[in-house]
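**Q** Below: one structure in structure tokens.
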Amino acid sequence: MTSPYIAGSSSVSAIMFKLLLALVPGVAAFVWYFGPAILISIGIATVVALVCEALMLLLRRAPLKMFMTDWSAVVTAWLLALSLPPLVPWWLVAIGTAFAIIVAKHLYGGLGSNPFNPAMVGFAVLLIAFPLQSTRWPPPLMLSATRVSFDIMLAYIFPGLVEAPRFLVDAETMATPLDTLRTQLGLEQTIADFSYMPVFGRVGGVGFEMMALCYLLGGLFLLQQRIISWHMPVAFLGGLAALGGALWLLNPGHYASPLFHCAAGGTLLGAFFIVTDPVSGATTPRGKLIFAAGAGVLTYVIRVFGGYADGVAFAVLLMNMMVPLIDAHTQPAVFGRKSRT
Amino acid sequence: MRKLFRFHGGIHPEQHKEQSSQLSIALAPVPDVLVLSLTQHAGLAAEPVVRVGQRVLKGELLARPGGPVSAAVHAPTSGKIEAIEARAVPNAVARSDWCIVLRPDGADRWGERTPLQLTGANRASLLARLRDFGLVGLGGAAFPSHIKLSLKDDAKIRWLVVNAAECEPYITCDDRLMRERAPELVRGLRLIGELLQPEEIVVGIEDNKPEAAAAMRAAASADQFNIDIVPIPTLYPGGGEKQLIRTLTGIEVAAGHLPLEHGVACFNIATVHAIRRAVDLGEPLIARVLTVTGNVATPRNYEALIGTPMNQLVALAQEQTGTDGYIMGGPMMGFRVAAKDVPVVKATNCIIAIDGKHFRTPPPELPCIRCGTCSVACPADLQPFELYWHTKSHNSARARDYGLADCIECGACSYVCPSKIPLVGYFRRGKSEAAAADRAARAAAQAQERSNWHEQRLQRDAREAELASAALSTAASASSEAIGIKQASVQGALERARARRNEDPATGHKS
Numbered sequence: 001m002t003s004p005y006i007a008g009s010s011s012v013s014a015i016m017f018k019l020l021l022a023l024v025p026g027v028a029a030f031v032w033y034f035g036p037a038i039l040i041s042i043g044i045a046t047v048v049a050l051v052c053e054a055l056m057l058l059l060r061r062a063p064l065k066m067f068m069t070d071w072s073a074v075v076t077a078w079l080l081a082l083s084l085p086p087l088v089p090w091w092l093v094a095i096g097t098a099f100a101i102i103v104a105k106h107l108y109g110g111l112g113s114n115p116f117n118p119a120m121v122g123f124a125v126l127l128i129a130f131p132l133q134s135t136r137w138p139p140p141l142m143l144s145a146t147r148v149s150f151d152i153m154l155a156y157i158f159p160g161l162v163e164a165p166r167f168l169v170d171a172e173t174m175a176t177p178l179d180t181l182r183t184q185l186g187l188e189q190t191i192a193d194f195s196y197m198p199v200f201g202r203v204g205g206v207g208f209e210m211m212a213l214c215y216l217l218g219g220l221f222l223l224q225q226r227i228i229s230w231h232m233p234v235a236f237l238g239g240l241a242a243l244g245g246a247l248w249l250l251n252p253g254h255y256a257s258p259l260f261h262c263a264a265g266g267t268l269l270g271a272f273f274i275v276t277d278p279v280s281g282a283t284t285p286r287g288k289l290i291f292a293a294g295a296g297v298l299t300y301v302i303r304v305f306g307g308y309a310d311g312v313a314f315a316v317l318l319m320n321m322m323v324p325l326i327d328a329h330t331q332p333a334v335f336g337r338k339s340r341t
Numbered sequence: 342m343r344k345l346f347r348f349h350g351g352i353h354p355e356q357h358k359e360q361s362s363q364l365s366i367a368l369a370p371v372p373d374v375l376v377l378s379l380t381q382h383a384g385l386a387a388e389p390v391v392r393v394g395q396r397v398l399k400g401e402l403l404a405r406p407g408g409p410v411s412a413a414v415h416a417p418t419s420g421k422i423e424a425i426e427a428r429a430v431p432n433a434v435a436r437s438d439w440c441i442v443l444r445p446d447g448a449d450r451w452g453e454r455t456p457l458q459l460t461g462a463n464r465a466s467l468l469a470r471l472r473d474f475g476l477v478g479l480g481g482a483a484f485p486s487h488i489k490l491s492l493k494d495d496a497k498i499r500w501l502v503v504n505a506a507e508c509e510p511y512i513t514c515d516d517r518l519m520r521e522r523a524p525e526l527v528r529g530l531r532l533i534g535e536l537l538q539p540e541e542i543v544v545g546i547e548d549n550k551p552e553a554a555a556a557m558r559a560a561a562s563a564d565q566f567n568i569d570i571v572p573i574p575t576l577y578p579g580g581g582e583k584q585l586i587r588t589l590t591g592i593e594v595a596a597g598h599l600p601l602e603h604g605v606a607c608f609n610i611a612t613v614h615a616i617r618r619a620v621d622l623g624e625p626l627i628a629r630v631l632t633v634t635g636n637v638a639t640p641r642n643y644e645a646l647i648g649t650p651m652n653q654l655v656a657l658a659q660e661q662t663g664t665d666g667y668i669m670g671g672p673m674m675g676f677r678v679a680a681k682d683v684p685v686v687k688a689t690n691c692i693i694a695i696d697g698k699h700f701r702t703p704p705p706e707l708p709c710i711r712c713g714t715c716s717v718a719c720p721a722d723l724q725p726f727e728l729y730w731h732t733k734s735h736n737s738a739r740a741r742d743y744g745l746a747d748c749i750e751c752g753a754c755s756y757v758c759p760s761k762i763p764l765v766g767y768f769r770r771g772k773s774e775a776a777a778a779d780r781a782a783r784a785a786a787q788a789q790e791r792s793n794w795h796e797q798r799l800q801r802d803a804r805e806a807e808l809a810s811a812a813l814s815t816a817a818s819a820s821s822e823a824i825g826i827k828q829a830s831v832q833g834a835l836e837r838a839r840a841r842r843n844e845d846p847a848t849g850h851k852s
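Protein chains in written order, with this note's numbering: chain A, 1 to 341; chain B, 342 to 852.
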């Protein structure tokens, strides 16, 4: 064993644990606006993630205890569950999580070796394979016409397992603010014509804007703990807001404000918890800026010009592909090999 | 107030300095036997100039520098040369090396001591004294001191930067030296200043040693000597030579260059102490102050003769039970020594007795998660995690592209790594692999060149033989007048070819 013989106190499990801790305010807001069903989704995702993790570690003959206690699978599970709507069937969560852990993480070499963000791979698979179920959000509780009781939620999550109440109908879904924007603009309306709709809330939609605020809080905690650096969130939001802001200034009737885009959908969850994934992201200071700004621009492009309501997942996956290139071309100058006297 | 500059990265490890910095420097007794390594400096081994059985006086030359980058070794006390043999030496790779074993006679009798006459002396005379008196950097690297002053065109020295940062945890020998011998150190600085004529003398002391800085200031003002004692932020590795020069002057020493090429001469404060003794008193480097700490009852600093066995010093500090090893140097850049009786060498600034309580076994290494904490901490602006991939996969070429050679092995990356990857260990291995690959490449290039020459010689011989046989047939048919000068040269070639053929046993042709 060679020097140094002393070490700091940081550890992978501490980092992962703090990430989970930083998600708690967001989860609380989620529960407040969409009911406790999300907790069941998170629970299912966590159990499936841990089972898949253990299974793959056994298959790979990797030390079980060391890797099971790093919490990384749980972080993936939570991020995936929080990306999905709350009333999705259990098997959907399970398939997404299993794909994330088995394929996106372990088949690429496990912790530290995955080129793509596992949670976003899982989410993208669900978006493509089950587009309807994975994007169908219920209305926030306060906008719901009917009271959604807990047994109705259970009936949604465990179809066939829990006896469905008789009045269980598809009416319990409602377009998200991003969906509404897309639909209404498709009907040749200008934003001013439909911005009165209650779903839009104050800035980014009822529920979503408060969740965004809570993710921001968690993100500030991560910044303070130095688990993430400012580069990624700032560049991601900057890229999104720059493109969104330019178009909004050109035509505010057709393009929503950058503030709306920052508060809507998964923007802030993405900015602080998804884009910042160190394993699959760029690593150099300049590279981080390019990577995250690219993801921000792509998120906007997919939302506004693409076929999906939200674009964080695909934007991040597309930028993940660029990471080797970005890193190779943004290496900082080494001490003694630059002039800064 | 001097403007200080920032170097990239750095860490704040726990200091653990107060344990050993409370007591004054104690004089370690002359041991029963002294073991003097011939390779206790960077560069070539020293060459012995004494015989086994020879009696030597204190300060007498035992081994002369083995080359331009090498250092002399002197007798730390009077006695008899008992052996010149391979002994265990403190070395990162824990091997044995040639040592001169000296049995002290107890008289501790000095040989002749000649102080340097300052009248007419200059940089060259200081350089010669440093070389002949075995001076090496006492901060840890043991780089021969005279090399730091060797510059062909005698360029102007703008700054004399004195490294008194002592940034490694646990080590307090420079701290105590400054607190107790500040006047001597200021005298040393004055001497060096007179010989080098720098525009400015700057002493960098980390701000966790206010007593040392105060003592130095007091001594400087008592001596009415204009030097700048600068408290620098306590930030490891602020005492790295290039980091300190950056902090104090803003200069970033270019890779592969000496500070002197930027107008900076940099010496450790302990080296200044040794230089002052060499210049003023005519004493070669035969003793040094070092910290003995860790799992001992009375951690403190000792002034010990070079060659004193380590276990004697640890015993002086009352080693406690539970010690399961020793680190020579600090916990960040030092190394574990295998044998208990390895001798103190010129570079030994600290001995730490380690036990499970102070130094826990590291947890198992997890995969790198590319979090980049290491690159934030790296004072050389490297991307250690990139170097890790390439050194782990033995890819020397890629590791070089990512600046492996610029790694100063300070250990900041390993310290902060959440996956507990011994990054510096990988880099050290990578460096030796790169060196081996370079040697192999050089050998291959040489072999290729030899083979090319051989091929060319064979072709030339063949051509000459052809020419000769062609000339023979022409000579047979041509008239004697046509032969002339041309034939003479052909004849010559023919004879040469014949002679060569005669030498060649393979042809079996004898004339």
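Built from N, CA and C at the ideal position, the CB exists for glycine as well.
Excluding the 5 residues preceding and the 5 following B:V390 in the sequence, name in chain order all residues of the same chain whose CB lies nearer than 8 Å to its CB.
**A** Cβ neighbours of B:V390 beyond the five flanking positions: L402, L403, A404 and R405.
**Q** At what residues does the beta strand (DSSP E) containing B:K421 begin and finish?
**A** First-last of the beta strand (DSSP E) with B:K421: G420 to A429.
**Q** Are the beta-carbon atoms of B:L518 and B:A606 separated by less than 8 Å?
**A** No; because the gap between Cβ atoms is not below 8 Å, this pair is not in contact.
**Q** Check the Cβ-Cβ distances between A:R347 and every residue of chain B, and say whether any is below 8 Å.
**A** Lying outside 1 to 341, the shown extent of chain A, residue 347 of chain A is not represented and no answer is given.
**Q** Using only CA atoms, which one of B:V620, B:I570 and B:R841 lies nearest to B:M342?
**A** Checked all of B:V620, B:I570 and B:R841; the closest Cα to B:M342 is B:I570.
**Q** With respect to the alpha helix (DSSP H) encompassing B:C719, which residues constitute its N-terminal and C-terminal limits?
**A** Premise fails: B:C719 is in no alpha helix (DSSP H) and is neither H nor E.
**Q** Give a yes or no on whether 8 Å exceeds the smallest Cβ distance from A:Q331 to chain B.
**A** Yes, A:Q331 lies at the interface with chain B (some Cβ there is under 8 Å from its Cβ).
**Q** Would you tell me roughly how many angstroms separate the C-alpha atoms of B:D516 and B:H382, rounded to the nearest one?
**A** Those two C-alpha atoms are separated by around 23 Å.
**Q** Just reading off the alpha helix (DSSP H) that A:D179 is part of, what are its end residues?
**A** Note, A:D179: alpha helix (DSSP H), P177 to G186.
**Q** Measure the C-alpha to C-alpha separation of A:R340 and B:K497 and round it to an integer number of angstroms.
**A** With a pLDDT of 43 at A:R340, under the threshold of 50, the modelled position of this residue cannot be trusted, and the question is left open.
**Q** For a test of the three-state rule: what should DSSP assign to B:W439, helix, strand or coil?
**A** Note: B:W439 maps to strand in three-state DSSP.
**Q** Between B:F726 and B:C748, which are expected to be in contact by the criterion C-beta below 8 Å, what is the C-beta distance as a whole number of angstroms?
**A** That belief does not hold up - the Cβ atoms of B:F726 and B:C748 are roughly 13 Å apart, past 8 Å.
**Q** Between B:V765 and B:L728, what straight-line distance do the alpha-carbon atoms span, to the nearest angstrom?
**A** Looking at the two C-alpha atoms, the distance is approximately 10 Å.
**Q** Check whether chain B comes within 8 Å of A:P4, counting only Cβ atoms and requiring the distance to be less than that.
**A** Taking Cβ atoms only, chain B reaches closer than 8 Å to A:P4, which makes this a yes.
**Q** Since B:D569 sits in a beta bridge, which residues does DSSP pair it with?
**A** Per DSSP, B:V543.
**Q** Residues bridged to B:M669 by DSSP?
**A** Answer is B:F676 and B:I692.
**Q** Tell me the rounded alpha-carbon separation between B:C719 and B:A753.
**A** Approximately 6 Å, taken between the alpha carbons.
**Q** Output, in chain order, the set of chain B residues within a Cβ distance shorter than 8 Å of A:M66.
**A** P705 and L707, listed in chain order.
**Q** Would you say B:Y756 faces chain A, with C-beta separation under 8 Å as the test?
**A** Judged by the 8 Å Cβ criterion, B:Y756 is in contact with chain A.
**Q** Counting only C-beta atoms, is B:R873 closer than 8 Å to chain A at any point?
**A** Any question about residue 873 of chain B goes unanswered here, given that chain B covers just 342 to 852.
**Q** With DSSP as the reference, label B:Y643 as helix, strand or coil.
**A** Strand at B:Y643.
**Q** Report yes or no: is there a C-beta of chain A within less than 8 Å of the C-beta of B:Q724?
**A** Closer than 8 Å: yes.
**Q** Could you pull the DSSP bridge partners for B:G635 from this structure?
**A** Its beta-bridge partners are B:A694.
**Q** In whole angstroms, what separates the C-alpha of A:K65 from that of A:W78?
**A** One C-alpha to the other measures close to 21 Å.
**Q** Taking 8 Å as the CB-CB cut-off, is A:T176 touching chain B?
**A** Not an interface residue.
**Q** Note down, in chain order, every chain B residue with its Cβ under 7 Å from the Cβ of A:V279.
**A** Going along chain B in sequence order, the residues near A:V279 (Cβ under 7 Å) are I710 and R711.
**Q** Could you name the residues of chain A that B:D747 contacts, counting a contact when the two beta carbons are closer than 8 Å?
**A** Within 8 Å Cβ-Cβ: V334, F335, G336 and R337.
**Q** Report the partner residues of B:T664 according to the DSSP bridge assignment.
**A** Paired residue(s): B:D696.
**Q** Near A:G311, what residues of its chain come up, given a Cβ to Cβ distance below 8 Å and the 5 sequence neighbours on each side ignored?
**A** Excluding sequence neighbours, A:G311 sits near L298, T299, Y300, V301, I302 and R303.
**Q** For B:R347, which residues of its own chain have a beta-carbon under 6 Å away from its beta-carbon, when the five flanking residues on both sides are left out?
**A** Counting only Cβ-Cβ distances below 6 Å, and skipping sequence neighbours, we find nothing.
**Q** Along the chain, where does the alpha helix (DSSP H) containing B:F608 start, and where does it finish?
**A** Taken as a continuous stretch (DSSP letters only), B:F608 belongs to no alpha helix (DSSP H), being part of the beta strand (DSSP E) at V605 to N609.
**Q** Less than 8 Å between the beta carbons of B:E706 and B:I762, yes or no?
**A** For B:E706 and B:I762, yes; Cβs fall inside 8 Å.
**Q** Does the separation of the CB atoms of A:L111 and A:D70 fall below 8 Å?
**A** Yes, the pair counts as a contact, with Cβ atoms nearer than the cut-off.
**Q** Taking CB distances under 8 Å as the criterion, tell me whether B:F566 reaches chain A.
**A** No, B:F566 lies away from the interface with chain A (no Cβ there is under 8 Å from its Cβ).
**Q** Short of 9 Å Cβ to Cβ, which residues in the region 3-35 of chain A face chain B?
**A** Per Cβ criterion, the list reads S3, P4, Y5, I6, A7, G8, S10, S11, V12, S13, A14 and I15.
**Q** Could you compute how far the alpha carbon of A:S257 sits from the alpha carbon of A:G239?
**A** Approximately 14 Å between the Cα atoms of the pair.
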